[in-house]
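First the structure, in the form of structure tokens, and then the observations on it.
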Amino acid sequence: MDIEPDFGRIRKTAQHKEPDRVPLCEVLVEYPIQSRFLGREVKSKDLASQVEFWAKAGYDYIPLTVGMMTPGKVTDESSISRVIRETMFKDSPEAEDEKAWNLELTSFINNREDFEHFPWDLAGQLDFSKFYEVRNLLPEGMKVIAVSGKIFTLTWMLMGFNKFAMSLIMDEQLVADVFHKVAEIQFRGLEQIFEMPHVQAVWVVDDLAFGTGPMISPQAFRDHLFPWYREMARRCHEKGLLFFMHSDGDLTMLMEDLIDLGVDVLQPVDPTCMDIVRIKETYGDRLCLAGNVPNELLRSGTPSEVEDLVKKLIEKCAPGGGYCVGSGNSVPEWARFENYMAMRGAALKHGFYPLSI
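Numbering (our numbering), first residue to last: 0 to 356.
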């Protein structure tokens, strides 16, 4: 069984070709799962152990964050959290960040004055140290995917969702300017990683939808967000990098937009509200799909149930390439380790081409 890392496996799959096996694909595997796999504790600053996990578990890359916000969090390694601590809450710098982000009501940018006085320069001080450190740790064939984006999420979080939604109607220029500032910082980070040959893809992580559809109107996305991602995809392709997109929720109304702006790989095709088989049938010749193993199944299912589902996903979605096995979001610490191993094991057992399921 060949589990040696080979980013060409991802590249072939994204090009709708059949590599040696169906790739494994996650934007995040929480450290407790990594620790259980390696048999020792893995911490956020222990990059060598992280590389070891991703390689030994069968992945062809390690995801590293560049930008203002870590995937799924506004805490820990996120530069935007440092800004909030050091400038907005000077009287209590040790306060937990989670308390600062009441995602509906908390607004750090209410008006033009707030926008002008927001410490954008501090927010733009991005940390690239892991990208340099990892170069000498990567085994042959393994690459880095730079996790970025969150242009939409950071924009509405800085304004508070209620204020953001109202401002789309009452003060659209302010919203556009916040989008612009956030995107400018994210692009600044990408310009540096574009010059790093060990980085072979950019993974935008930006939840655009609820389970019932887009969080704002598709036209608002087209006006304020998608032009930035179209340019990001263009720059990636110009440099020979793949462009991944992560979003939870029902993206059906946005699928043509995502394809048009240049997404190569869409993850996770949210299993709570999207039918990946239908999506594959409709868009599979233009878009590589990844994920769709429900996190609830990883939490409460059995290993045999997980294996059965992975076999079905490979059977329905992997012929001809264009599909990677992975979770329905990311692998959280509360997933049963046995179920994570079943998902991984099923991909390695049943995912070799030519498929024989």
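All residues carry an ideal CB built from backbone N, CA and C; glycine is no exception.
All values derive from a computational prediction rather than experimental measurement.
Integer-rounded CB distance, given that residue j should sit under 8 angstroms from residue i
| i | j | result |
| --- | --- | --- |
| V146 | P62 | 5 angstroms |
| K238 | F193 | 5 angstroms |
| N338 | G290 | The pair is not a contact, with the Cβ atoms about 15 angstroms apart (cut-off 8 angstroms). |
| H15 | D284 | 7 angstroms |
| L207 | F151 | 6 angstroms |
| V198 | F243 | Incorrect: roughly 12 angstroms between the Cβ atoms, too far for contact. |
| L415 | L136 | Any property of residue 415 remains undetermined from this structure, which presents the chain solely from 0 to 356. |
| D5 | D59 | 6 angstroms |
Contact under 7 angstroms by Cβ, residue i with residue j
| i | j | result |
| --- | --- | --- |
| K279 | C316 | yes |
| D256 | F209 | no |
| V181 | L153 | yes |
| F351 | R35 | no |
| V262 | E25 | no |
| H223 | F178 | yes |
| E17 | G321 | no |
| R123 | I215 | First, the amino acid is wrong: residue 123 is Gly here, not Arg. Contact: no. |
DSSP-derived helix/strand/coil call for residue i
| i | result |
| --- | --- |
| D90 | Any answer about D90 is weak, because its pLDDT of 49 lies below 50 and its placement is not dependable; what the coordinates show is given next. Three-state result, D90: coil. |
| Y60 | strand |
| R335 | coil |
| M195 | coil |
| A36 | Per the sequence shown, residue 36 should be read as Phe rather than Ala. Residue state, collapsed to three classes: helix. |
| P217 | helix |
| G71 | With a pLDDT of 49 at G71, under the threshold of 50, the modelled position of that residue is not reliable, and the figure given next carries that caveat. Coil. |
| S128 | helix |
| V143 | strand |
| E97 | Low confidence applies to E97: its pLDDT is 48, below 50, so where it sits in the model is not reliable, and the reading given next is rough at best. If DSSP states are grouped into helix, strand and coil, E97 belongs with the helices. |
| T12 | helix |
| F117 | coil |
| C316 | helix |
| S326 | strand |
| L288 | strand |
| R260 | The amino acid at residue 260 is misidentified as Arg; the sequence shows Leu. Of the three classes helix, strand and coil, the one that applies to L260 here is helix, per DSSP. |
| G248 | coil |
| G7 | helix |
| V50 | helix |
| G148 | coil |
| L241 | strand |
| V204 | strand |
Contacts around residue i, its chain only, beta-carbon distance under 7 angstroms, and the 5 residues preceding and following it disregarded
| i | result |
| --- | --- |
| M252 | G212, P213, P217 |
| D90 | Note that D90 scores a pLDDT of 49, beneath 50, so its modelled location is shaky and nothing firm can be said. |
| E304 | L296 |
| L260 | F225, Y228, R229, A232 |
| S106 | M158, G159, K162 |
| A346 | V21, L23, V309, V324 |
| M195 | F130 |
| E3 | G140 |
| K42 | Y30 |
| Q191 | F127 |
| R343 | L23, A56, G57 |
| A341 | P302, V305, E306 |
Proximity to residue i [Cα-Cα], best of the options
| i | options | result |
| --- | --- | --- |
| T12 | G344, H349, I313, C287 | C287 |
| A164 | N109, L240, P353 | N109 |
| P293 | T281, D247, D170, Q191 | D247 |
| I168 | G320, G350, A219, L265 | A219 |
| H245 | S355, N328, P31 | N328 |
| P353 | E25, S34, D19 | D19 |
| Y282 | L265, D269, E332, R298 | L265 |
| V65 | F127, E332, V177, R8 | F127 |
| I364 | W333, S355, M342, Q172 | The chain is shown from 0 up to 356; residue 364 falls before or after that span and cannot be answered. |
| P270 | S326, E306, K142 | S326 |
| R8 | R298, P302, K142, E171 | K142 |
| E171 | P138, L125, E40, R111 | R111 |
Beta-carbon proximity list for residue i, same chain, < 6 angstroms, skipping 5 on both sides
| i | result |
| --- | --- |
| C272 | G210, D249 |
| G148 | V203, V204, D205 |
| V276 | K315 |
| W155 | F163 |
Chain-order list of residues whose beta-carbon lies under 8 angstroms from that of residue i (same chain, five-residue window excluded)
| i | result |
| --- | --- |
| L37 | S48, E51, F52, K55 |
| L240 | F193, V198, Q199, A200, V201 |
| I356 | K310, I313, E314, H349 |
Cβ-heavy atom distance, residue i to the ligand SAH, below 6 angstroms
| i | result |
| --- | --- |
| P62 | In the structure shown, the ligand SAH is absent, as is every other ligand, since no ligand is present at all. |
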